[in-house]
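Chemist: In the numbering used here, the protein residues as written are 1064 to 1493.
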Amino acid sequence: MGTGLHDVLSKGRGEALQLLSPTAPGAETSPGIDTGTISPARGLAVPEVSGHDVGTAEALKQLSHLCRALEERVARLEATKSDRTELEELRLPFLEGGQESIASVLTDLQDRMSALQGMASDLQGEKEKIKQLQDAFGKLGVMGADGKVDDSLQLGSVLREMKRELKELREKQDAGRATLEQLLADTANRLQEQLDELRSTLGGPELAVQPPGNAEQEEAPCPACSTDVGAQLGRLLQRYEQLQELVESVSARQAAGRAGRQRAARGQQDEELLKHIQAAIAQVQGDCEKLSCITGNLMDDHQQRQRDIEALFQSLERLEKEKVDKEELVLEIDVKADRAALAGKVSCAQFDAAMEQLNGMIGEMLSKVTGQEQDWHQVQQKLIEELDSKLDRLELAPLRQQLEERWRSVLKQLKESAPRVEADDAAGIR
């Protein structure tokens, strides 16, 4: 894992240096930036980043700010470019003015053409910068495609919005460039037309190139006027050539100065952009270090879990070897005595003690029984005697009959021997 991260870091560093080096295709060397100081030590390495990191989002925000600044510059260029009405206004003084007016108009036209060319070069340079930024962030997005998936929808929408803005800006730049090219072509055509009109006004191109002798032959009626006009025309053409050379030299100096100022401004902008990119890349490097730490921790956790899983498999194998079959365990448990049934039973020692005590009690009772056997025989003899003195059940019936007969005879005698009582008359009267 560590070796793969170092390989991707070194690869990203080489691509970033190739993009920022002055020898790369489409790159421009600004005078305000020392290309020798751009080295991996300054933090320009492009490590493996995730397209869903905070650093990438910040870099995209900075790119959107740059795009807005470029749009403002394009709007300013559109506002400051020459219009057709201005060209029509230039045509009148060019036709009506004299030598000084012609020189001033030509100077103004050269200045405007150089300004338009500078604007076109500025637009081209900004377009190349935007293309380089698109390539760099495209590579960052490709390298970060294997990162986290947690904020992918949000960053994808941001990227689509940035691509849309860049596409609109590119279309505006192309339209501005086409407009500038058309304006330059129209300006050149109008300048050529105005020069042709000037030549036709002064006597035609044949008169401008003919020597004074031919002018005298054609203007025979007025040789002095022809000579003066030819001389003036020759001086005017010489003056025009001198003014043209002067305008070209001044335009070249102005273009050189403007190019120097533009290079300085572009160098300052490149330095600011480089600082922004360095800050974004430093932040991305910090995020990559955090991701590396998190990855290391995850690898340690994975290894620990792998060891735990291996220990569990070993324990499972040991249990497979040492475990008892369920049926055998049920049979063994059935053979064993129940704890509740075992609680109701007694031990052998208690049983022997109880038996000894019971034997002692039985022996004592036997001794008591043998001791009372004599008394038992005496009582038995007495009972036998008493039973012998009693009447038997068979003897009771005759005895009862005899007693009843005796009782009836006694009653009869009592009735017969009882005295009779006579009634009292006095008592009756009363």
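Don't be surprised by glycine CBs; every beta carbon is placed ideally from N, CA and C.
What you are looking at is a predicted structure, and each value in this text was computed from that prediction instead of being measured.
(1) Pair every Cβ in the stretch 1223–1239 with every Cβ in the stretch 1369–1384, then say whether three or more of these pairs are closer than 8 Å.
(2) Which of the three DSSP states, helix, strand or coil, is assigned to Gln1187?
(3) Exposed or buried, Ile1344, counting other C-beta atoms within 10 Å across all chains shown (16 or more means buried)?
(4) Alpha carbon to alpha carbon, how far is Gly1426 from Gln1435? Give it in angstroms, no decimals.
(5) Restricting to Cα atoms, I'd like to know which of Phe1376, Met1182, Gln1255 is closest to Ala1318.
(6) Rounded to a whole number of angstroms, what is the C-alpha to C-alpha distance between Met1362 and Glu1352?
(7) Return the CA-CA distance between Leu1429 and Arg1456, expressed in angstroms with no decimal places.
(8) Rounded to a whole number of angstroms, what is the C-alpha to C-alpha distance between Glu1244 and Leu1186?
(9) Report yes if the CB atom of Ser1184 is closer than 7 Å to the CB atom of Ser1314, and no otherwise.
(10) Whole angstroms is fine: what's the gap from Arg1316's alpha carbon to Ala1322's?
(11) Assuming Arg1329 contacts Gly1188 (C-beta within less than 8 Å), just tell me the rounded distance between them.
(12) Taking the C-alpha atoms as reference points, what is the distance between Glu1224 and Arg1131?
(13) Which residue comes first and which comes last in the alpha helix (DSSP H) that contains Gln1413?
(14) Locate the alpha helix (DSSP H) running through Lys1478, then write down its first and last residues.
(15) What would DSSP say about Lys1453, mapped onto helix, strand or coil?
(16) Once the 5 residues before and after Leu1477 are set aside, which same chain residues still bring their CB inside 6 Å of it?
(17) Val1347: buried (16+ other C-beta within 10 angstroms of its C-beta) or exposed?
(18) Among Glu1228, Glu1458, Lys1194, which residue has its Cα nearest to the Cα of His1128?
(19) Got a sec? Which residues, its chain only, sit under 8 Å from Arg1469 by beta carbon, not counting five neighbours each side?
(20) Beta-carbon within less than 6 Å of Glu1385's beta-carbon, same chain only, minus the 5 sequence neighbours each way: which residues are those?
(21) Rank Glu1135, Ser1452, Asp1174, Glu1395 by C-alpha distance to the C-alpha of Glu1498 and give the top, closest one.
(22) If you draw a straight line from the alpha carbon of Gln1325 to that of Leu1309, how long is it in whole angstroms?
(23) Cα separation between Glu1380 and Leu1354?
(24) Assign Gly1095 to one of three DSSP states: helix, strand, or coil.
(25) Decide if Thr1250 is buried, meaning its Cβ has at least 16 other Cβ atoms within 10 Å, or exposed.
Modeler: Taking the structure as given:
(1) No: fewer than three Cβ pairs fall under 8 Å.
(2) The residue you call residue 1187 lines up with position 124 of the sequence shown. Three-state result, Gln1187: helix.
(3) Here the question's residue 1344 lines up with position 281 in the sequence shown. It counts as buried.
(4) Numbered from 1 along the sequence shown, position 372 holds the residue referred to as residue 1435. Numbered from 1 along the sequence shown, position 363 holds the residue referred to as residue 1426. The straight-line gap from Cα to Cα measures roughly 14 Å.
(5) Against the sequence shown, residue 1318 aligns to sequence position 255. Per the Cα distances, Met1182.
(6) Stepping through the sequence shown from its first residue, residue 1362 is reached at position 299. Stepping through the sequence shown from its first residue, residue 1352 is reached at position 289. Near 15 Å, if we compare the C-alpha coordinates of Glu1352 and Met1362.
(7) Counting from one through the sequence shown, the residue named residue 1429 turns up at place 366. Counting from one through the sequence shown, the residue named residue 1456 turns up at place 393. So the alpha carbons of these two residues sit roughly 38 Å apart.
(8) Taking the sequence shown and counting its residues from 1, one reaches residue 1244 at position 181. Taking the sequence shown and counting its residues from 1, one reaches residue 1186 at position 123. Spanning the two alpha carbons is a distance of roughly 12 Å.
(9) The count along the sequence shown starts at 1 and reaches residue 1184 at position 121. The count along the sequence shown starts at 1 and reaches residue 1314 at position 251. Contact flag unset, no.
(10) Looking up residue 1316 in the sequence shown gives position 253. Looking up residue 1322 in the sequence shown gives position 259. Each residue's CA atom was taken as its position, placing Arg1316 and Ala1322 some 10 Å apart.
(11) To locate residue 1329, count along the sequence shown from 1; it is residue 266. To locate residue 1188, count along the sequence shown from 1; it is residue 125. Under the criterion of beta carbons closer than 8 Å, Arg1329 and Gly1188 qualify as touching, at roughly 6 Å.
(12) Your numbering for residue 1224 matches position 161 in the sequence shown. Your numbering for residue 1131 matches position 68 in the sequence shown. Each residue's Cα considered, the two are about 13 Å apart.
(13) By one-based count along the sequence shown, residue 1413 stands at place 350. Start and end: 1411–1434.
(14) Counting from one through the sequence shown, the residue named residue 1478 turns up at place 415. Following the DSSP letters along the chain, one finds Lys1478 inside the alpha helix (DSSP H) bounded by residues 1456–1480.
(15) On the sequence shown, residue 1453 is found 390 positions in, with the first residue counted as 1. Per DSSP, reduced to three states, the secondary structure at Lys1453 is coil, with no helix or strand assignment.
(16) As a first step, residue 1477 is located in the sequence shown; it is residue number 414 there, counting from the start. By the criterion of a C-beta distance shorter than 6 Å, Leu1477 is surrounded by no residue of its chain, once the five residues flanking it on both sides are discounted.
(17) The count along the sequence shown starts at 1 and reaches residue 1347 at position 284. So Val1347 ends up on the buried side.
(18) To locate residue 1128, count along the sequence shown from 1; it is residue 65. Minimum Cα distance to His1128 is reached at Glu1228.
(19) The residue you call residue 1469 lines up with position 406 of the sequence shown. Excluding five sequence positions before and after Arg1469, none of the CB atoms of its chain fall closer than 8 Å to its own CB.
(20) Position 322 of the sequence shown holds residue 1385. Cβ neighbours of Glu1385 beyond the five flanking positions: none.
(21) An answer regarding residue 1498 cannot be provided, because it is not within the stretch 1064 to 1493 covered by the chain.
(22) Numbered from its first residue, the sequence shown carries residue 1325 at position 262. Numbered from its first residue, the sequence shown carries residue 1309 at position 246. Their backbone Cα atoms lie some 23 Å apart in a straight line.
(23) For this step, residue 1380 is matched to residue 317 along the sequence shown. For this step, residue 1354 is matched to residue 291 along the sequence shown. Rounded to the nearest whole angstrom, the CA to CA distance from Glu1380 to Leu1354 is 38 Å.
(24) The count along the sequence shown starts at 1 and reaches residue 1095 at position 32. Because Gly1095 sits at a pLDDT of 37, beneath the cut-off of 50, its placement in the model cannot be relied upon, and the following sentence gives the value as read from the coordinates. Gly1095 falls in the coil class under three-state DSSP.
(25) Residue mapping note: residue 1250 aligns to position 187 of the sequence shown, counting from 1. The residue is buried, with at least 16 neighbouring Cβ atoms inside 10 Å.
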